[in-house]
Each structure stands twice: as C-alpha cells, then as structure tokens.
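S.K.: I have a structure I would like to understand better, so I am pasting it below and will then ask my questions one at a time.
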Amino acid sequence: MVTNIKDLVTLCEQEICDREYTFNRHRIISLTWKDLIQWMTEREYKNFNEDIGYQYCDDTFGSHDLSGIKKNDRIRLRAIRMLISYQKEGDFEFRVSSVMNSFIGQSGKHMESYLEYLQEKVRLTENTISNKRHYLYSFNNFIEEHKMTLNDLSVESIAAFYSCQNYSIASKHNCNSAIRLFLCYAYDIGITDKDCSIFILPDNYKKHSKIPTTYEEEEIRNMINAVERTSATGKRDYLILLLASEYGWRSSDIVNFRFEQIDWDKNTIIFNQHKTGIPVVYPLLSSIGNAIIDYLKNGRPDTDTPEIIVSCESAKRGKKLNKTTIHSIVSKYMRIANISHWQQKKHGAHSLRHSLATNLLKKNVSMPIISTVLGHQSTESTKVYLTVDISRLKQCVLPVPELKTDFYEV
Numbered sequence: 001m002v003t004n005i006k007d008l009v010t011l012c013e014q015e016i017c018d019r020e021y022t023f024n025r026h027r028i029i030s031l032t033w034k035d036l037i038q039w040m041t042e043r044e045y046k047n048f049n050e051d052i053g054y055q056y057c058d059d060t061f062g063s064h065d066l067s068g069i070k071k072n073d074r075i076r077l078r079a080i081r082m083l084i085s086y087q088k089e090g091d092f093e094f095r096v097s098s099v100m101n102s103f104i105g106q107s108g109k110h111m112e113s114y115l116e117y118l119q120e121k122v123r124l125t126e127n128t129i130s131n132k133r134h135y136l137y138s139f140n141n142f143i144e145e146h147k148m149t150l151n152d153l154s155v156e157s158i159a160a161f162y163s164c165q166n167y168s169i170a171s172k173h174n175c176n177s178a179i180r181l182f183l184c185y186a187y188d189i190g191i192t193d194k195d196c197s198i199f200i201l202p203d204n205y206k207k208h209s210k211i212p213t214t215y216e217e218e219e220i221r222n223m224i225n226a227v228e229r230t231s232a233t234g235k236r237d238y239l240i241l242l243l244a245s246e247y248g249w250r251s252s253d254i255v256n257f258r259f260e261q262i263d264w265d266k267n268t269i270i271f272n273q274h275k276t277g278i279p280v281v282y283p284l285l286s287s288i289g290n291a292i293i294d295y296l297k298n299g300r301p302d303t304d305t306p307e308i309i310v311s312c313e314s315a316k317r318g319k320k321l322n323k324t325t326i327h328s329i330v331s332k333y334m335r336i337a338n339i340s341h342w343q344q345k346k347h348g349a350h351s352l353r354h355s356l357a358t359n360l361l362k363k364n365v366s367m368p369i370i371s372t373v374l375g376h377q378s379t380e381s382t383k384v385y386l387t388v389d390i391s392r393l394k395q396c397v398l399p400v401p402e403l404k405t406d407f408y409e410v
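Numbering (the working numbering), first residue to last: 1 to 410.
Here it is as structure tokens:
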C-alpha cells in the first residue's frame with residue numbers, strides 16, 4: 001500500500017492522464033491534491049490514510065459527507081476519495097458515495113423494509129436494488145427535510161422534489177419508476193391511505209432515443225494491434241479487448257469472468273450475464289482461447305482470485321478488476337491507436353459491444369442471431385442498431401410523389 005502522499009498523488013495523476021479527464025476537472029482535482037499536500041505538511045503528516053483524508057475535508061469544506069457539502073465542493077471531495085480508493089484498491093471508485101447513506105425517519109424505515117422485500121421475496125439483483133436505493137434515498141431526504149409523511153404527497157410535492165434534483169431525462173425516468181413502485185407497495189400493504197403512485201406523472205422517455213456510438217472494424221483492429229503484448233499487462237489488456245470486441249461482453253461480465261465458466265472439452269464459455277442474469281453460451285474462439293492461455297501462462301499474477309482477469313498494479317496485484325478499469329483500458333488503446341474523434345464519442349467497452357452488433361448487421365447477419373450474441377431476451381432491444389445501418393435505411397426511402405398542382409411553383 002502506498003502511504004507517502006506525494007508518491008500516491010503521482011500515481012493518481014498518471015491514472016487521471018490515462019483516463020483523459022477534461023482539462024477543467026483535471027485542474028480542480030490536481031489543485032485539491034496540491035492543497036492537501038500543503039495541509040499535511042503544515043501538520044507534519046507524512047503518510048496519507050482515510051482518516052487524514054476525511055479530516056482534511058472536514059477542515060477545508062466542512063464535511064466528508066456528500067450530502068453535507070456545497071455543490072462546488074463535490075469535485076474536491078471526489079478528489080480525496082479517489083486517493084483513498086486508489087490507496088486501498090489500486091483503482092478509483094466508480095462514483096462518490098454518501099458516507100452517511102442511511103435512511104432516516106418513518107418514511108426511511110418503510111423504504112428499508114421495501115428494499116428488504118425486493119431482495120428476499122422478489123429476489124432482484126444487487127445492482128437493481130442499489131439503483132433503487134439511490135433514488136429512494138434522495139426521496140427520503142426530501143420528505144424528511146420538508147417534515148412530510150407519505151400520506152402528504154401530491155403532484156405538487158413530487159414536482160418540488162424533482163426541481164431540487166439535477167437528473168438527466170434517463171435518470172428522472174428511472175427515479176420515477178423506483179418511487180412509483182415503492183408507493184404502490186406502500187398502498188398495497190396499508191402504509192398509506194391512498195395510492196400516491198398516481199402523483200408520479202408519466203414521461204415521454206424513450207430508452208433508445210440516442211443513436212449508439214460505433215466504430216469501424218478497421219478502427220477496432222487498429223486498437224487491438226496497438227497493444228504491446230510482450231508484457232504481462234499487455235497480455236491482460238489484449239484479452240480484455242478481444243472479449244469486448246469479439247463477444248461484445250459488458251464490463252461487468254469481463255471482470256467477473258471465471259475459470260469454471262470455460263468448458264475446454266466442448267470449447268464453450270457458459271455463464272449468466274451479470275446485468276440481466278440471462279444464461280449465455282459462446283463458442284471458445286481460437287483467438288480468445290489462445291489469448292487466455294498466453295495470459296495465464298505468461299501474464300497473470302500468482303493469486304487465488306477466482307476471476308481470470310486480475311490487476312497487475314502493485315497496490316492491488318492479483319485482485320479482481322473494477323469495471324472502471326475496463327473503461328480506462330479501452331480508452332487507453334483508442335488513444336494509442338489514434339482513432340479519429342474517439343474523445344468526442346463514447347469510448348468504453350460498451351462502444352465495442354455496439355460496434356460488434358452494427359458490424360454484424362452490415363454483413364447481413366439476422367437480428368435474432370445478433371440478439372443471441374448480445375444476450376438480449378428479445379430482438380426489441382437489438383432493433384436500436386438498425387438506426388445506424390445506413391445502407392438498409394436507404395432501402396426504406398419512399399419516392400416523393402409528383403405534385404399535380406401549380407400551388408407550390410415558385
């Protein structure tokens with residue numbers, strides 16, 4: 001574990017550069033770290049740890065709890081938590097979590113019970129429950145701050161809640177769903193006297209309203225060829241890029257890829273997708289199989305970790321990777337391969353998943369097969385890729401009928 005603050009900041013600065021942070025965000029983070037070093041020097045602290053990081057936050061901007069600081073200080077809190085998580089895990093945490101992220105008041109107790117019900121009875125995935133908890137936590141804070149009960153809710157109070165949030169259209173849609181289902185539950189078991197879910201007004205959100213980001217096959221090939229495969233890190237990164245580009249795996253499936261999922265006798269890979277729980281079967285392609293063997297023999301650290309792909313970093317050597325590391329790796333090789341305008345486009349593992357589907361479509365592979373490759377339950381989820389198939393869209397163009405009137409003549 002790196003404890004010297006200057007050494008830790010140097011490592012994190014390199015990680016920031018690799019992740020291509022925007023200039024302004026990078027500047028704020030770097031200034032925060034510089035100020036932290038000065039603050040520690042004044043107090044004769046040489047080694048950094050979590051307690052010192054939070055003490056700095058408390059002294060500098062009043063709190064180390066996300067909900068207790070001003071909006072402008074959130075990036076600075078993020079900067080300190082980046083140091084803490086990198087020191088502990090060898091990677092940055094995905095997002096700043098609220099340190100005191102617990103429900104309060106009577107409404108909070110009902111929300112906790114609801115989440116326990118979803119976990120124990122409905123058996124929703126951990127990720128799904130975590131997302132619902134995130135939105136209900138904000139809603140709980142709003143209710144308690146305004147000294148309301150669930151029975152006091154109205155269309156106006158719901159609108160007031162959203163006016164306090166900085167949600168994107170997609171986030172508001174997800175929040176709507178989380179709160180609506182909770183309020184239905186509250187009415188069904190008698191917590192509320194009325195069905196308050198009717199106060200959650202419908203929205204016009206369309207899940208596939210954005211055209212997916214894709215890359216040409218040659219661009220992906222150049223990115224994979226940019227990997228320096230003689231090093232242990234290069235062998236690992238090469239395998240990651242192949243899994244993302246040839247199978248279209250999500251980051252969560254890559255980091256959870258385990259030995260028992262490979263059937264070497266049948267040349268298949270079988271597992272349940274981490275996001276959806278849907279079982280999928282992939283043929284063990286020779287390129288993938290050879291990359292796995294090369295990595296296991298010549299690149300993977302000696303570790304008991306059940307996941308195949310692990311960290312090479314000294315602070316987290318041999319431990320399971322974080323999903324954000326996959327994003328950083330893909331971004332790194334897009335930069336090295338000098339792919340045109342990659343910074344202005346989505347450039348994580350999911351963009352390679354989109355690219356696989358689109359390039360298969362260009363080769364006239366049928367929608368059901370593409371849907372199977374991606375692990376979709378139905379072709380409805382796959383139809384979004386039709387929006388980027390220009391050649392097929394051109395076939396749908398209808399001729400403009402000839403006008404039989406002089407009305408439009410200039």
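By construction, the Cβ of each residue, glycine as well, lies at the ideal position given by its N, Cα and C atoms.
Comparing alpha-carbon positions, which option in Q87, S63, Y86 lies nearest R76?
M.R.: Residue S63 holds the alpha-carbon nearest to the alpha-carbon of R76 among Q87, S63, Y86.
S.K.: What's the C-alpha gap between F259 and G277?
M.R.: 18 Å
S.K.: If I follow the unbroken alpha helix (DSSP H) through T325, where does it start and stop?
M.R.: 323 to 336
S.K.: Assign N4 to one of three DSSP states: helix, strand, or coil.
M.R.: Strand at N4.
S.K.: Who pairs with P279 in a beta bridge, going by DSSP?
M.R.: P279 is bridged to N272.
S.K.: Which class does E402 belong to by DSSP, given the choice of helix, strand or coil?
M.R.: coil
S.K.: So if DSSP puts R258 in a beta bridge, which residue, or which two residues, is it bridged to?
M.R.: E307
S.K.: DSSP beta-bridge partners for D263?
M.R.: T268
S.K.: Shortest alpha-carbon distance to E466 belongs to which of M40, N166, E313?
M.R.: This structure cannot speak to residue 466, because the chain is shown only from 1 to 410.
S.K.: Check whether the Cβ of L8 lies closer than 8 Å to any Cβ atom in chain C.
M.R.: Given the protein chain composition of this structure (a single chain), no chain C is represented.
S.K.: Might you give, ordered along the chain, the residues of its own chain that have their beta carbon closer than 6 Å to the beta carbon of K194, omitting 5 neighbours on each side?
M.R.: none
S.K.: Among K266, K275, F271, L374, which one has its Cα closest to the Cα of S286?
M.R.: The option with the nearest alpha carbon to S286 is K266.
S.K.: Tell me whether K132 sits in a helix, a strand or coil according to DSSP, three-state version.
M.R.: helix
S.K.: Over the uninterrupted alpha helix (DSSP H) stretch that includes R300, give me the two end residues.
M.R.: Unbroken run through R300: none, as it is neither H nor E.
S.K.: With C196 and L242 assumed to form a contact (beta carbons below 8 Å), what rounded beta-carbon distance in angstroms separates them?
M.R.: Incorrect: roughly 50 Å between the Cβ atoms, too far for contact.
S.K.: For M100, which three-state DSSP category applies?
M.R.: Any reading at M100 is ruled out, since the residue's pLDDT is 46, under 50, leaving its predicted position unreliable.
S.K.: Please state whether the Cβ-Cβ distance between K34 and N4 is less than 8 Å.
M.R.: no
S.K.: How big is the Cα-Cα spacing for N131 and D203?
M.R.: 19 Å
S.K.: Measure how close the beta-carbons of P212 and H354 come, nearest whole angstrom, since I'm counting them as under 8 Å.
M.R.: 4 Å
S.K.: What do you reckon, are the CB atoms on I191 and L150 nearer than 8 Å?
M.R.: Taking the C-beta atoms as reference points, L150 is found nearer than 8 Å to I191.
S.K.: Thinking F48 and L11 are a contact (beta carbons under 8 Å), I'd like their distance in whole angstroms, please.
M.R.: L11 and F48 do not touch by the CB rule: their CB atoms are close to 12 Å apart, not below 8 Å.
S.K.: At which residues does the alpha helix (DSSP H) containing W33 begin and terminate?
M.R.: In the DSSP assignment, W33 falls within the unbroken alpha helix (DSSP H) covering 23 to 42.
S.K.: Could you give the residue range of the alpha helix (DSSP H) that holds C175?
M.R.: Taken as a continuous stretch (DSSP letters only), the alpha helix (DSSP H) holding C175 covers 169 to 188.
S.K.: Answer with buried or exposed for I179, where buried requires no fewer than 16 other C-beta atoms within 10 angstroms of its C-beta.
M.R.: Answer is buried; the Cβ neighbour count reaches 16.
S.K.: Going by the DSSP bridge assignment, what does K320 pair with across the sheet?
M.R.: In the DSSP assignment, K320 is bridged to V310.
S.K.: Please report the distance separating the alpha-carbon of I220 from that of L352.
M.R.: 8 Å
S.K.: CB of F259 to nearest heavy atom of the ligand PLP: below 7 Å?
M.R.: Judged by which ligands are present, the structure shown has none, so any question about the ligand PLP falls away.
S.K.: Just to check my reading of the structure: K319 and V310 have Cβ atoms closer than 8 Å, yes? What is that Cβ distance to the nearest angstrom?
M.R.: 6 Å
S.K.: At which residues does the alpha helix (DSSP H) containing I339 begin and terminate?
M.R.: Neither: I339 is in no alpha helix (DSSP H) and is coded neither H nor E.
S.K.: Whose CA, out of T214, V227, S113, lies closest to the CA of L361?
M.R.: T214
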